[in-house]
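Asks: Residue numbers (the numbering used here): 692 to 905.
Glycine included, each C-beta is placed from N, C-alpha and C at the ideal position.
What you are looking at is a predicted structure, and each value in this text was computed from that prediction instead of being measured.
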Ligand SMILES: C[S@@+](CC[C@H](N)C(=O)[O-])C[C@H]1O[C@@H](n2cnc3c(N)ncnc32)[C@H](O)[C@@H]1O
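#1: Mind checking residue 859: buried by the 16 CB within 10 Å criterion, or exposed?
#2: Nearest CA to the CA of residue 840: which residue from 870, 827 and 706?
#3: Looking only at C-alpha atoms, which of 754, 782, 779 and 739 sits nearest to residue 767?
#4: Can you tell me where the alpha helix (DSSP H) with residue 781 in it begins and where it stops?
#5: When the Cα atoms are used, what is the spatial distance from residue 780 to residue 800?
#6: For residue 897, which residues in the same chain have their Cβ closer than 6 Å to its Cβ, ignoring the five residues on either side in sequence?
#7: Rounded to whole angstroms, how far is the Cβ of residue 805 from the Cβ of residue 733, which I believe are closer than 8 Å?
#8: Using the beta carbon as the reference atom, which residues fall closer than 6 Å to any heavy atom of ligand 1, ordered along the chain?
#9: For residue 694, which residues of its own chain have a beta-carbon under 7 Å away from its beta-carbon, when the five flanking residues on both sides are left out?
#10: Run through DSSP, which three-state label would residue 858 get?
#11: Hey, residue 865 and residue 816 are a contact pair by Cβ (cut 8 Å); roughly how many whole angstroms apart?
#12: On the premise that residue 811 lies in contact with residue 789, defined as a C-beta separation below 8 Å, what is that separation, rounded to the nearest angstrom?
#13: Assuming residue 836 and residue 873 are in contact, meaning their beta carbons sit under 8 Å apart, how far apart are those beta carbons, in whole angstroms?
#14: Residues in the same chain with beta-carbon distance under 6 Å from residue 908, minus the five sequence neighbours each way, listed in chain order, please.
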């Protein structure tokens with residue numbers, strides 16, 4: 692999607708993707724990431740998800756990237772913390788305590804800027820992107836995180852029945868995006884609890900991606 696699409700969603704508060712509580716699939720499967728204490732969790736295309744606060748509450752460090760600054764301003768307001776704001780390359784960085792959120796295009800986030808991360812939590816990130824960008828995105832995330840393990844939630848449905856985002860990313864596509872660099876383990880596979888754009892005929896799949904040694 693174009694940047695203007697997401698800016699208009701945030702400006703008009705059309706945030707159907709934003710959940711009012713921590714994602715239950717994250718709570719249920721986070722431990723499968725087998726993180727050490729004080730790990731560094733990367734959340735791409737993070738919006739202002741409450742999953743950030745939840746991950747921080749476990750004692751982890753969180754680093755995110757989000758294109759729309761309004762989202763990041765709202766995130767820090769809702770956390771009731773005042774960030775230090777700096778410019779890093781093409782990005783702005785909002786930082787407070789164990790939380791760092793970069794504002795800008797994920798493709799402008801380099802491995803050097805990001806630094807080492809222990810895992811990636813992808814909820815509504817890959818599926819937010821059109822098919823023409825998903826290959827570039829998967830390659831980029833794999834590269835800047837040095838193949839860090841991922842907890843990834845995909846949506847699978849008949850794309851002809853609904854326009855994305857969220858887009859359908861079926862198992863074959865996921866495998867073509869990540870199947871060489873990672874071993875893909877399906878952790879859960881259920882119909883969405885809440886309809887998405889009125890459609891409840893959507894499978895929500897939770898995947899654990901673990902680096903293969905090449
Ligand atoms: C579907 S929302 C999901 C937000 C969050 N992961 C959640 O679960 O609530 C996708 C978010 O990605 C942001 N976004 C879209 N394209 C982006 C890009 N190229 N770089 C960084 N952020 C992007 C949008 O502004 C939007 O807030």
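Replies: The relevant details are as follows:
#1: Start at 1 with the first residue of the chain shown, and residue 859 comes out as number 168. With 16 or more other Cβ atoms within 10 Å, it is buried.
#2: The residue labelled residue 840 in the question sits at position 149 within the chain shown. Minimum Cα distance to residue 840 is reached at 870.
#3: Position 76 of the chain shown, counted from the first residue, corresponds to residue 767. Per the Cα distances, 739.
#4: What you label residue 781 is simply residue 90 of the chain shown in a count that begins at 1. Here residue 781 belongs to no alpha helix (DSSP H), and DSSP marks it neither H nor E.
#5: Position 89 of the chain shown, counted from the first residue, corresponds to residue 780. Position 109 of the chain shown, counted from the first residue, corresponds to residue 800. Residue 780 and residue 800 have their alpha carbons spaced roughly 9 Å apart.
#6: One-based indexing of the chain shown puts residue 897 at position 206. Around residue 897, the same chain offers 716, 720, 844, 878 and 879 as residues with beta carbons nearer than 6 Å, after the five sequence neighbours per side are excluded.
#7: In the chain shown, counting from the first residue as 1, residue 805 sits at position 114. In the chain shown, counting from the first residue as 1, residue 733 sits at position 42. Taking the Cβ atoms as the reference, residue 805 lies roughly 7 Å from residue 733, within the contact range of under 8 Å.
#8: In chain order, the hits are 697, 708, 709, 736, 737, 738, 740, 756, 757, 758, 759, 762, 796, 797, 814, 815, 816, 819 and 856.
#9: Start at 1 with the first residue of the chain shown, and residue 694 comes out as number 3. Hits under 7 Å: 758.
#10: For this step, residue 858 is matched to residue 167 along the chain shown. Of the three classes helix, strand and coil, the one that applies to residue 858 here is coil, per DSSP.
#11: For this step, residue 865 is matched to residue 174 along the chain shown. For this step, residue 816 is matched to residue 125 along the chain shown. So it is not a contact: roughly 13 Å between Cβ atoms.
#12: Taking the chain shown and counting its residues from 1, the one referred to as residue 789 is at position 98. Taking the chain shown and counting its residues from 1, the one referred to as residue 811 is at position 120. The distance from the Cβ of residue 789 to that of residue 811 is about 17 Å, inconsistent with a contact at the 8 Å cut-off.
#13: Translated into the one-based positions of the chain shown, residue 836 becomes position 145. Translated into the one-based positions of the chain shown, residue 873 becomes position 182. The C-beta separation of residue 836 from residue 873 comes to about 11 Å, leaving the pair out of contact by the 8 Å criterion.
#14: This structure cannot settle anything about residue 908, because the visible part of the chain is limited to 692 through 905.
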